[in-house]
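Here the sequence shown stands for residues 4 to 1003, numbered as in this note's numbering. All C-beta atoms, glycine included, are put in the ideal place defined by N, C-alpha and C. Report on the following structure.
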Amino acid sequence: MGSGSESGEGLRFAVLGPVRAWRGGEQINTGAPQQRALLAVLLLRGGRTATAAELLDALWGDAPPNTALAALRSYAFRLRKALGSQTLITDSGGYAIRIPVEALDATVVEQLAAEAEKVRQTDPAQARELLVRALDMWSGEPLAGLPGPYAETQRVRLAEWHLGLVEARLELDLELGAHAEAVSELTAVTVEHPLRERLRALLMLALYRSGRQAEALGVYADTRRLLADELGIDPSPELADLHQRILEADAGLAPPQGTSAPGAQEILRPAQLPATVPDFTGRTAFVRELGEQLAGASAGGGVMAVSAVAGIGGVGKTTLAVQVAHNAREDFPDGQLYVDLQGTSAVPSEPEAVLGSFLRSLGLPDAAIPDSLADRAALYRSTLSGRRVLALLDNAYDAAQIRQLLPGTPGCAALVTSRVRMVDLEGAHLVDLDVMSPEESLLLFTRIVGEERAGSERQASLDVVAACGFLPLAIRIAAARLAARRTWTVSVLAAKLADHRRRLDELRAGDLAVKATFDLGYDHLSAEQARAFRLLSLPEGPDISLDAAAAVLDLDRYEAEELLEALVDISLIESAAPARYRFHDLLRLYARERAETDETAQERCAALSRLLDFYLGSTASAYALENPGDRVLDHLAPIHHPGLSFADREESLNWLSAEAPGLMAAVQQAAEGGCGGFLRRAADLLLAAQELVESGFYVRQYEQAARALVKAAQDCGEAVAEGRARFWLCSLLRFAGRFDEAEEECKRSLILGLSAEDPVACGYSANLRGILALRGLRFAESADYLKNALDAFRADGNQHGEAAALSNLSRAQGELGETASALDAAERVVTIYRRLGSGLRLGNGLYSMGVTLTATGAYDRALGCLTEALGIFRTVRQRLWEGLTLYRLGRLHLAAGSYRQSASHVEQALVVMRDIGGEWRTANALTVLGEALTGMGQPVRAHACWHDALATYTALGSPEAAQVRRLLNGEAGPGTGAGAAAAPTSAEEPGSAAGSAAAV
């Protein structure tokens, strides 16, 4: 034991775990257990002196040995030498330790707990954070390993104190809306303290708020039985009252409004309104009318206000709506949302996608956003409840498109623009926007070209706006052309518009109403600008990036940007965001008409071909980063225009997310009428962009594109494209749980692949047939398909595919009782992925190996594999894979008889499954949870889980329903149902089999 410094500066002590001491960052040797027991007594007296008699009683109780006093003095001497004479002092025949409050972990926890209690009512989130910090100070059993009656008494006191802090923090979790996340911890802690009714009450409330009423009632039933068996008493009146309130679905038990789960992203205040135009003119009556509607909504009237502005294209609906929305911003302090719904495009925006964007803008992470339209709409309305938010829904297709986008609560409002008068939008205030009056039109024209020029030629200016039909868009375009040409007079422009072929006809509606004005602008473009204007209108996407536009135009990035910005300056296209561009709907139609007449069919096809090349090349680069060693890339259709390269996975994912609508539109466009040679590249584009599906988004758009590709390829006799498109369609159907349809598509894909000698379809379709057979419990058939896939991959030199097939074959062999072969295959999978340097796919291999090891009873090795896989999935932000791994860990612990750990992992998995895992996977997790709860002695809650799972399996027609019925009938015990280690595979992986082909 080294000598201590005379000063106590820098000393720290811990008693909330093993008794330890540090000086600076170096731990001090505090001696034998009896000596550390003396240190603990002195530390816990808060600086007060302990007499020798008190210390003898604390260390040895009523029967100290004859040498006790000498031993006490020896211990004190050694501690003083280690800590310093200014720290451990002798006082009146006794001893004391004098240290600052912050030097002892227990006193720090006291301070944090007191501060949490002080701020709990005013700032529960801060109170929770303080309690989390306090609980983090614990490092195991208090005073661990210390002898003596004092240490034993203090251990009990400190453990009770710790449990009380845990209860307080869990209460705050529920108060802050983290009920779903709290269920797992509450389940575990109630097992440790089964007679503590406050914890049972918190678990009941957390389950109820998570929509699991039957389980909450089951907890009460299990508690009542336990109390009767162990103590011969009934539950407390408080617990009985909570039980009754849950039975009655008491509204007072609902989560507090305006709360968010601890650690969740704070609700943001979006400010998405486009900028107002500096020369906004007229529309005074409409501005006042719409402003009064919005002001009434923000005042908290009985219903949410909806105003719908209708009129022909170019009449100024968006400009008016943006101006009114900006005027009303102070009435909606919680944010303003904006979306262009693409109502006049070939593919209007899907409400699901818009809601996803809105929810992300309000601060919700992707993992918290559900899949279905109804669920997203419900979450959107819940998020806006109690807030004052304005939603500007621009360019709507019809009322059906926007119904689910309406906020739905008083205090919020929606402002809609559309070319359609929405008479079928219930409760909407309708505004029909006509062309401007002559006075307003002249004022707008004057503000753009300048008072001097317009005022000196007033009659000519009136002739110009009259020739424009008083349509704001036409006036703005004509005035912009004049303002850009200082040598022109107003009369020159008026003379040009005098020709009726170049003049707007206000009596005509629709596209021709602005055609003459667009012609006027188009005729003054340079040859390069006009070509860009025409060709950029051809792609179907809602907007286009600068890099994609450069591909369409066959220019470098800088040349393309110069042309695009020139078109922006004269309002022929819009800058949607930095380096992103879009057309006004009518201008796009006009530009396409000019492309039909001014570009040859060959030139139009070449432009779209370059775009498809760019998308395929870029997505292939992104695919290569995630799937090193996969020879799929070697079999993609050749391209002649390069795509982008990415520095890392993060950059590629950001690009994929931004370009997803354009990618889907390009595939759909190729399928619905692309030029020759487009179909193969379109099918390969879907294959390379599969990571978008693994994220859980764009699944429906992918399925639509895949079906369109199948039909087009079949009609054109392109077997390779059809085989790959059918393979992709099979993957999507499998992802959706539509297994019968998936089997049929996969069968046809494999036949086509074999006939066309396509290594992609031959290998991956055989692999996918093996996965589907495995899921259908046809294990021998599965093994045959997977061996064929393995042969195909090895013949192609595709190590990535070989690992995927081996992973699945390992599972099939395990089901067939070929344990040694199964383990050998699983180990080879991990070896291959480690050698290739895969990230996510190594996680897939470890996951599969963990499942195989679980089936063989090698639980320790399985735990190591699954734990490593879980870490990988969390690192690469694959939340669904994280949930599946937690589920598998739950099954492992169930098989090992560790019911509490099983329930804890499955509860965590359920949080993910309910968000993004789908009904089938959720039912699988509920089945395993029920088995774990049965093993924990909670049969009522277990049956509630199984009833929920049975309802889902029955609705889906899943074979798992039979086993759940056996569980409910008591014909099977824990570890023999869907959670059994040797049970057939249940939840399946989220992505396509081309990238992560593993049955899950």
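>> What would DSSP say about Ala-722, mapped onto helix, strand or coil?
In response: helix
> In angstroms, rounded to a whole number, what distance separates the CA positions of Leu-845 and Leu-387?
Replying inline: 41 Å
> For Gly-982, which residues from the same chain have a beta carbon less than 6 Å from its beta carbon, with the 5 sequence-adjacent residues on both sides left out?
Replying inline: Note that Gly-982 has pLDDT 40, beneath the 50 cutoff, so the model's placement of it is unreliable and the number below is only indicative. Cβ neighbours of Gly-982 beyond the five flanking positions: Arg-894, Leu-897, Val-931, Glu-934.
>> For the structure I just gave you, are there three or more beta carbon pairs, one from the stretch 209-218 and one from the stretch 942-962, closer than 8 Å?
In response: yes
> Assuming Leu-570 contacts Leu-556 under a Cβ cut-off of 8 Å, what Cβ separation, rounded to an integer in Å, is found between them?
Replying inline: 11 Å between Cβ atoms; not a contact.
>> Quick check on the burial criterion: 16 or more other C-beta atoms within 10 angstroms. Buried or exposed for Thr-284?
In response: buried
> Run through DSSP, which three-state label would Ser-30 get?
Replying inline: In the sequence as presented, Ser is not what sits at residue 30; that position holds Gln. The answer is strand: DSSP assigns Gln-30 an E or B state.
>> Measuring only the C-alpha atoms, how far is Ser-824 from Ala-858?
In response: Cα to Cα, the separation comes out at about 13 Å.
> Out of Gly-221, Arg-391, Gly-314, Glu-564, which has the shortest C-alpha to C-alpha gap to Pro-475?
Replying inline: Gly-314
>> Using a 10 Å radius around the Cβ and a threshold of 16 neighbouring Cβ atoms, would you call Ser-1017 buried or exposed?
In response: The requested residue 1017 is not part of the displayed model; the chain covers only 4 to 1003.
> Do you know how far the Cα of Ala-625 is from the Cα of Arg-727?
Replying inline: 19 Å
>> At the level of alpha carbons, what is the spacing between Arg-424 and Asn-398?
In response: 12 Å
> Any contact of the stretch 124-136 with the stretch 170-180, i.e. 3+ C-beta pairs under 8 Å?
Replying inline: yes
>> Let me check understanding here. Comparing Cα to Cα, which of Trp-923, Asn-972, Arg-81, Thr-937 lies closest to Ala-954?
In response: Trp-923
> Excluding the five sequence neighbours on either side, which residues of its own chain have a C-beta within less than 7 Å of the C-beta of Cys-733, listed in chain order?
Replying inline: Ala-745, Glu-748, Cys-749, Ser-752, Leu-771
>> Taking 7 Å as the limit between beta carbons, can you name the residues of its chain near Met-939, skipping five residues before and five after?
In response: Val-194, Tyr-902, Arg-903, Ala-906
> Is it the case that the Cβ atoms of Leu-688 and Ala-709 are separated by a distance below 9 Å?
Replying inline: It is not a contact, given that the beta carbons lie outside the stated cut-off.
>> Using 8 Å for Cβ pairs, my map puts Leu-549 next to Arg-560. What's the rounded Cβ distance?
In response: 6 Å
>> On the criterion of 16 or more Cβ atoms from any shown chain inside 10 Å, does Thr-226 qualify as buried, or is it exposed?
In response: buried
>> If you follow the alpha helix (DSSP H) that Ser-648 is in, where does it begin and where does it stop?
In response: From DSSP, Ser-648 is part of no alpha helix (DSSP H); its letter is neither H nor E.
>> Once DSSP output is grouped into helix, strand and coil, what is the label at Asp-60?
In response: Helix, per DSSP.
> Leaving out five residues before and five after Gln-345 in sequence, what residues of the same chain have Cβ atoms less than 7 Å from its Cβ?
Replying inline: Pro-351, Ser-352, Asn-398, Pro-545
> Buried or exposed: Thr-600, going by 16 or more other Cβ atoms within 10 Å of its Cβ?
Replying inline: So Thr-600 ends up on the exposed side.
> When DSSP labels each residue in this structure, what does Ile-92 get in the three-state scheme?
Replying inline: strand
> In whole angstroms, what is the alpha-carbon distance linking Gly-817 and Gly-143?
Replying inline: 40 Å
>> For Ala-24, which residues in the same chain have their Cβ closer than 8 Å to its Cβ, ignoring the five residues on either side in sequence?
In response: Leu-14, Arg-15, Phe-16, Ala-17, Gln-30, Ile-31, Thr-33, Leu-42, Ala-85, Leu-86
> What residue does the alpha helix (DSSP H) around Gly-472 start on, and which one ends it?
Replying inline: Counting along the chain, Gly-472 falls outside any alpha helix (DSSP H), and DSSP gives it neither H nor E.
> Beta-carbon separation of Val-392 and Pro-410 under 9 Å?
Replying inline: yes
>> Suppose you measure from the CA of Val-3 to the CA of Val-434; what does that come to, to the nearest Å?
In response: Here the chain covers residues 4 to 1003 and nothing more, so residue 3 does not appear.
>> Need the endpoints of the beta strand (DSSP E) that Phe-586 sits in, please.
In response: Phe-586 -> no beta strand (DSSP E), and no H or E assigned at all.
> Mind checking Leu-510: buried by the 16 CB within 10 Å criterion, or exposed?
Replying inline: Confidence at Leu-510 is low in this model, with a pLDDT of 26, below 50, so its placement is unreliable and the value that follows should be read with caution. Exposed, by the Cβ-count rule.
> What is the residue span of the alpha helix (DSSP H) that Ala-804 lies within?
Replying inline: Before going further, note that residue 804 is Gly rather than Ala in the sequence given. First-last of the alpha helix (DSSP H) with Gly-804: 802-818.
> Taking C-alpha atoms, which residue in Val-833, Val-468, Arg-607 lies nearest to Val-438?
Replying inline: If we check each option's Cα against that of Val-438, Val-468 comes out closest.
> For Asn-927, which of Ala-899, Gly-900, Leu-959 has the nearest alpha-carbon?
Replying inline: Leu-959
> Any idea if His-643 is buried or exposed, counting beta-carbon neighbours within 10 angstroms, 16 or more meaning buried?
Replying inline: exposed
>> Taking contact to mean 3 or more Cβ pairs, one atom from each stretch, closer than 8 Å, check whether the stretch 785-793 and the stretch 809-816 are in contact.
In response: yes
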